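Presented below is the structure to which this report refers.
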Amino acid sequence: MSKIIKDETLPYKLEDAQKILNKADITFKTFANNRTLGETSFQLKAKVSYKLKADKDSTIVTIIGKNSGIGPIQKNAVQKQIDAFETALHSSVDDFEKDRKQSVGSSSIADELTKLSGLKESGILTEDEFNQQKAKLLNN
Numbered sequence: 001m002s003k004i005i006k007d008e009t010l011p012y013k014l015e016d017a018q019k020i021l022n023k024a025d026i027t028f029k030t031f032a033n034n035r036t037l038g039e040t041s042f043q044l045k046a047k048v049s050y051k052l053k054a055d056k057d058s059t060i061v062t063i064i065g066k067n068s069g070i071g072p073i074q075k076n077a078v079q080k081q082i083d084a085f086e087t088a089l090h091s092s093v094d095d096f097e098k099d100r101k102q103s104v105g106s107s108s109i110a111d112e113l114t115k116l117s118g119l120k121e122s123g124i125l126t127e128d129e130f131n132q133q134k135a136k137l138l139n140n
């Protein structure tokens, strides 16, 4: 049996890491379904799975690739599957970060507008100053 085990640490708590891995798994399976016939002969038998382990503020992902054959051809098939899974994982991490940054950006703009509104209501900002600051926030 050819078997490859690889650990990768994600800087996320277990709950977020699981969301990332769920998406990576879907992406990986989509890739696996789009293989050519030649790739399929060896890689169909090569299986990739993963285990998650929480570690303080991060999560360790253990990626396990294996198939029933032995020899360099089978090992290469397993390595290709591991590489494809890692590509899907990194893509999912990138998507997770983009989503997280967008949600943080949206809430901070709302917070700033609330603060500006409070300053206007208390008389610290005039209506024109409020509108200028609001326009700056909304245009960025």
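Read in order, the letters of the sequence shown are residues 1 to 140 in the UniProt record's numbering.
Note that CB positions come from ideal geometry on N, CA and C, so glycine has one too.
All of these numbers come straight from a predicted model, not from anything done at the bench.
Asked: Own chain partners of K120 with C-beta closer than 6 Å, once the 5 adjacent residues on each side are dropped; Found: F130
Asked: Nearest-angstrom Cα separation, counted from K13 out to K29; Found: 24 Å
Asked: Continuous beta strand (DSSP E) stretch holding A54: start and end; Found: K47 to D55
Asked: Through-space distance from M1 to T9, alpha-carbon basis; Found: 26 Å
Asked: Residue environment, T59, which counts as buried when at least 16 other CB atoms sit within 10 Å; Found: buried
Asked: Close Cβ partners of Q132 (< 7 Å) along its chain, the five nearest in sequence each way excluded; Found: none
Asked: Host alpha helix (DSSP H) of L10 (start-end); Found: Run containing L10: none in the alpha helix (DSSP H); it sits in the beta strand (DSSP E), S2 to L10.
Asked: Within 8 Å, strictly: CB atoms of Q81 and A110; Found: no
Asked: Residue closest to P11, alpha-carbon to alpha-carbon, out of F96, A88 and T114; Found: F96
Asked: Cβ distance (whole Å) where E112 is taken to contact L137 below 8 Å; Found: 5 Å
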